[in-house]
Amino acid sequence: MSHWIILPIVLPAFLAPFIVLAARYHIVIQRSVSLAGVFALVVVAAGLAWQASDGTVTLYQLGDWAAPFGIVLVADRLSTLMVLLTAVLAFFVLLYAVGSRWDYRGWHFHALYQFQLMGIMGAFLTGDLFNLFVFFEVLLIASYGLMIHQGGTVRLRAGVQYVLYNLLGSTLFLFALGAIYAQTGTLNMADLAERVQLIDPSDTVGIRIAAVLLLMVFAIKAAVVPLHFWLPSSYAEAPAPVAALFAIMTKVGAYAIIRVYTMIFPPDLEATAGLHGWWLLPAALVSLAIGMVGLLAARKLDRLVAFSVIGSMGMVMISISLFTAEGITAALYYIIHSTLAAGALFLIVDLVRSSRADLMLTAQAPVAGSALTAGMFFMAAIAMAGLPPLSGFVGKLLILDASFDTGSVAWIWAVILISSLIAVVGFGRAGSVLFWKSQSVAVDPGAEVQAAPSPLSYVAVGGLLALLVAHTVLAGPMTRYTSAISAQLFAPEPYIATVLDTPGKLSDPYSDTDEEEAH
Amino acid sequence: MSLFLVVALPFLGALLPGLMNTAGRAACAGVTFAVSLAAFVGLLTNLPAVLAGEMVTARIDWIPLLGLNVTLMLDGLGFFFAMLILGIGLLIITYARFYLAREDNMGEFFTYLLLFQGAMVGIVLSDNILLLLVFWELTSLSSFLLIGYWKHLPEGRQGARMALTVTGMGGLAMIGGMLILGNIVGSYDLSVILQNRELIQGSPLYLPALILILLGCFTKSAQFPFHFWLPHAMAAPTPVSAYLHSATMVKAGIFLMARMWPVLSGTPEWFVLVTGAGLITMVLGAVIALFKHDLKALLAFSTVSHLGLITMLLGTGTAFGAMAAVFHIMNHATFKAALFMSAGIIDHETHTRDIRRLGGLRHLMPVTFGIATLAALSMAGIPLLNGFLSKEMMLEEAYHTVLLDSHWLVPGLAVLGSLFSAAYCFRLIGHVFLGPVRDDYPHKPHDPEPGLWLPPAFLVVLVVGIGIAPFLVEPFVKLVTASVLGGTAELPYQHIKIWHGLVPALYMSIAAVVGGLIVVSAFNPLLRLWDAAPRPEAKRIFDAIIGGVVRLSERVIHGVHNGSFTRYAAIMTVAVVAVGYHAWATGTVGPATRVPQVASPVQIAGWAMLVAATLGLVLLHRNRLLSLVLIGIVGLVVSVGFVFFSAPDLAMTQLTVEVVTIILLLLALNFLPNRTPIESTVLRRTRDAVLAVAAGVATMALSYHYLLRDTISPSISEFHLANSYKGGGGTNVVNVILVDFRGFDTYGEIIVLGIAALLIYALTEALLDGPVRARLLNRKPTDPRAGDMHPMMMVVMTRVIMPVVMLVGFYIFLRGHNEPGGGFIAGLVVSIGFVMQYMASGFAWTSARLRYPYHGVIGAGVLTAGLTGIGSWFVGKPFLTSDYTYVRIPPFQEFELATAALFDLGVFLAVVGAVMLSLESFSRLARRAHVPDVEHPMDIDPSRDDPPDPLQPRTEA
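Written as structure tokens, this is what we have:
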């Protein structure tokens, strides 16, 4: 019995209480445990991704109960990729948190960080919708804790909005789960995929509403306009490393949409036909537009980056909402890019913050280390705006190409290209004020000298940027892999068979036929 | 040398200047020069193959899925441009070494310059149009960095942003055009695309593709109406202006038009768009250039004008036009780069570029005078210089071109353009170098060191050489032209020579030069006329557009995101209800399969209480204490409901949760005002009410629908019911589901609970560090305090009851697996026991007797549950696999030992820890708020006769 799959969940779930129990007052122990844990996560995640790369679907039955009666974890190409992405991002962000001493500015940073990772990993690995809900709760409450780390009036106010909005989302999730269970009598994703095929075409209302409510829940997580209102101020006000880690959180929503709406409610399913075609793509286009327009309108750097996250989620959602193999391929490539770019940008925001009075987009006297910061900002901005030579450009080309044969190609291209231009203008303005105009401000000799950010901080940001470069250079293998993921998603039969046909406790296929009872 | 290396060398070399920066300026420029030279030599090694008419290629797959591969090709056209880029690059690097001041960061400059060089070489060698796009945008970015190189100058920053915006826009449009083109042909490889003229021109997507690609070309090559960015890019250091903005980058658009010439040209659309834009640009640029007083602005507009000339030639779609264009590209690069460098020298020496402050420099700077005059005369089209030759060819071509059914339009405009072109050249020579020597130059000028004048001098040698002996370059020009034509047209038979006889072009040329002389002699009255005439100022328009867009975005974004949570929630509600309604409206409704039960009077009564309490809550929610009471009622009715529906576990949980939350909320209320203020208008509250009712009705309808229908196949709960005892060892199915079937969910949920408690703790800490602390310290209670805060009755009773509570908790914990109960409920019950002690004797007294920190209890709980789960790994089973056995220890009866109980212990500990930590956090707030605390268990103790505590404000009470 291989337990590797559950390790990304259990490892942080052990480290966090251990830190709370034993190392509450010892920052050095906390840091060591936390860093070692996340590094181990990277290794485990890489192993899992390698194992899944040949198309193997690995099942883990919790409590030895067979699906759909117990909870299962499923590692396929998609989930392991997301787990690996999370682990890698988390590693560099944690390096930054340690390097910038952000972890020392409030209580329980490392414990909450580990719990947060547990929630995210669980959400990617679980094969059960209710379990997904539980992990959404874990990652929500942990993220709230991280968000208000160190406190402060503005941050606390933003935190309240964040948690309230997401609690509304959780409530809706419960409604949706109740509706799905009432309609199908199961919560296992693979089982659901089989049962929705049995829906009577003369009574589709139930499953339709359930499906669309669930989609709304995930759309909230993915910050699709007009369900994005929780994002701008909370990402802007959150401590930088936390905001950087949050770059993966919106992707949880995108992941869930990809998973559920290719496997359970695939685009060709009769019962749920025409549910989201009319609004998801327009909403994604508006998200992209709002994100980039918000980027232009922002008066502070942190909000600028927060809006760019909304915009990049718009890109992801445009590609997903095509619900074609090419679209998902492009979306997955872009998800990796957008996660790394957003993470790097938020950390850079903090580098900037550490050398200035505030983050207002005004010229302030230059300080030590600002040339390096400027270079990093330039690079990350290029990536985020989708200019060559970084992966944002490749992702944009993939998405444009994927949408070529669709009916709404004119709209998609127009919005993507025009909003790219707005992003270029916005980033150009911000960068030139922050890093160029400040050269014309005389340094006040009386001002206290601020220490340049620590080398470890730069290493962390540099690491993320290096990953972006690698994502670009290796775009060939990466796209080949995301297209393999996409192929696996659109042929879910092996996945479903693995989940449902593997016997567990008390489900001996030869004597006791519980499964047949259930179907 | 491999083409990869030719392209990659500048990019790799870009790392060096930054590295060598500290080694001195000569070293820094030296490595840059060496890198460029290596690439140049590498290019030249391919010359024999090119001359032999071969196509040199190199290919590496990058993203085959997209069709974006690193494929390079070198033909005559590519070689021509690459040679221009690298060759002039070498001259510019030499020039820049002496031009840049000591305080300029030379490493940074050369890094950007090499990045640009690499990108530019990449454009001209790309065989893949997507790869070409990558390099294309890279030139925009590096040009952005170079224009803004002098960061402290506002003109530099604004010019950089304007250039990036305009060329970036074109680049984005071109992405669209290239993708369309690739999709028409089915390949992004130029070598394939160039073979498919009929396919492309026959496609309905030809026109959109053409327009989008031309947008890219026109913005890059500063064609009307996108010409305005180029003069503002002149804020860059002069080497940049000479290199990027006259010789190379601005020719990228022209290069692309030439590259695409075989497949895009020859249609009426191409002709009208390209020739039209070129003509307008040529004339407009020349006219504006005449009246510019800034030397670099004059040269910038003259560049715009000449780019228009070349564009116009490409637009005609004839082979002769193409050849003239190629020849003029070559000539323009030589004389214009020389002129820019001369302008740089003048600026460098006199500290001004304003023509009105110059004059008479021929005596002071004879070398510069010679260089600049020859280059300018060539530009004016004076015989024996190369500019004359290509201008003659242009006029010849214009003479044969019919636009809009007019034989006069194109030749007329061509002559007009040439006329003004000659005029500004004469003005440049006359007003800068001729005339009397002045005594008011900002800086006394003299000829510079050779490092500055040698590069332009070299170019002027070419200007004269080609002008006198054009037959030397003719084979090369024809070679390049052949690769432009790409086999779609016959190579022109005409030869490039100085004397063609008395042809119309000669008359037109003479007219232009004579006209130019007349214009420049009447310059002053013309200038007054020009200054008096109203004309649009491009920068002001551009800034107004950008400013308007920014203001509009600010209005939209800040208007929508106004921070009002109710608005956000309202929008979300509307969205959810709307898509839900759509799902309902487009679905089919089947008949009900279940019969509704009849409600008994008790049920109706319970329902009525629930409704009444909820309605009351809505109406009275501004009184916070009252609303808490009403919430309590709702919770109690719900737990009664659970009892009625035979769910004792849920009922017990609900009941205990209710008690604990109400106590915690009461504690929180202690720090809040009694009433919620009214913050919204009646209108907004009405809106919210309507939305709330709509959502509520929708939810009700949804529940009603599902309650009346069976699941499509039997629910999984049947398995749980059947196997709870057999597989989980418990007869209480709810508990077995919680700790076994779905123990993993429970594991997650206790973690949520634990995090929530840690959060409350952290939040309290953060609050106490912040401004809230002062407010807490200065808080005056609104109501009088109770005189006896820790009454004896309560103290005695809670003490007595404590062991009982513990016992009940223990009992509930133990029976959980088979009867209603379990760790969760037990944890809540035990917590209530502790909470009672806090209430009775105060926070300080109780905390002082606390032995285990609650953080630790939570941690221990989560760890216990997790360790139970891991335990199953040792027997080769998955996480949380349960097992149970029956043991008999005399004299007790046989009892069950289940691993699930251990898991439940973890749940128990986590719940106790979480509740208590939250309570403790609130109590710390209270202690900071100076709520009087005592060290005694009760305030009035008969066994103690100490005087009343002076801190106690008992007398006021």
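Residue numbers (my numbering), protein chains in the order written: chain Y, 416 to 934; chain X, 7 to 963.
For every residue, glycine included, the Cβ atom is placed at its ideal position computed from N, Cα and C.
Residue i: first and last residue of the uninterrupted alpha helix (DSSP H) it sits in
i, result
"residue 45 of chain X", "31-50"
"residue 173 of chain X", "160-191"
Limits of the beta strand (DSSP E) - the one that residue i falls within
i, result
"residue 474 of chain Y", "473-476"
"residue 892 of chain X", "890-893"
"residue 904 of chain X", "901-904"
"residue 65 of chain X", "62-69"
Within-8 Å CB hit, residue i to chain Y
i, result
"residue 129 of chain X", "no"
"residue 758 of chain X", "yes"
"residue 175 of chain X", "yes"
"residue 781 of chain X", "no"
"residue 235 of chain X", "no"
"residue 57 of chain X", "no"
"residue 569 of chain X", "yes"
Assigned exposure category for residue i - 16 Cβ within 10 Å defines buried
i, result
"residue 483 of chain Y", "buried"
"residue 539 of chain X", "exposed"
"residue 471 of chain Y", "exposed"
"residue 465 of chain Y", "exposed"
"residue 357 of chain X", "exposed"
"residue 722 of chain X", "buried"
"residue 435 of chain Y", "buried"
Own chain, CB closer than 8 Å to residue i, minus 5 neighbours either side, in chain order
i, result
"residue 445 of chain X", "none"
"residue 174 of chain X", "143 and 146"
"residue 876 of chain X", "885"
"residue 496 of chain X", "325"
Nearest-angstrom Cβ-Cβ length linking residue i and residue j, presumed shorter than 8 Å
i, j, result
"residue 264 of chain X", "residue 83 of chain X", "6 Å"
"residue 623 of chain Y", "residue 593 of chain X", "4 Å"
"residue 219 of chain X", "residue 184 of chain X", "7 Å"
"residue 398 of chain X", "residue 511 of chain X", "5 Å"
"residue 664 of chain Y", "residue 714 of chain Y", "About 25 Å separates the two Cβ atoms, so there is no contact after all."
"residue 670 of chain Y", "residue 630 of chain Y", "13 Å between Cβ atoms; not a contact."
Interface flag, residue i vs chain X, CB-CB below 8 Å
i, result
"residue 681 of chain Y", "no"
"residue 895 of chain Y", "yes"
"residue 752 of chain Y", "no"
"residue 440 of chain Y", "no"
"residue 435 of chain Y", "yes"
"residue 672 of chain Y", "no"
"residue 618 of chain Y", "yes"
"residue 830 of chain Y", "no"
Same chain, Cβ closer than 6 Å to residue i, five either side skipped, listed in chain order
i, result
"residue 815 of chain X", "832, 835 and 836"
"residue 869 of chain Y", "514"
"residue 292 of chain X", "311, 423, 426 and 427"
"residue 235 of chain X", "168, 169 and 172"
"residue 118 of chain X", "148, 151 and 152"
Same chain, Cβ closer than 7 Å to residue i, neighbours up to 5 away in sequence not counted
i, result
"residue 299 of chain X", "360, 361 and 362"
"residue 606 of chain Y", "482, 483 and 915"
"residue 340 of chain X", "392, 465, 468 and 469"
"residue 480 of chain Y", "919 and 920"
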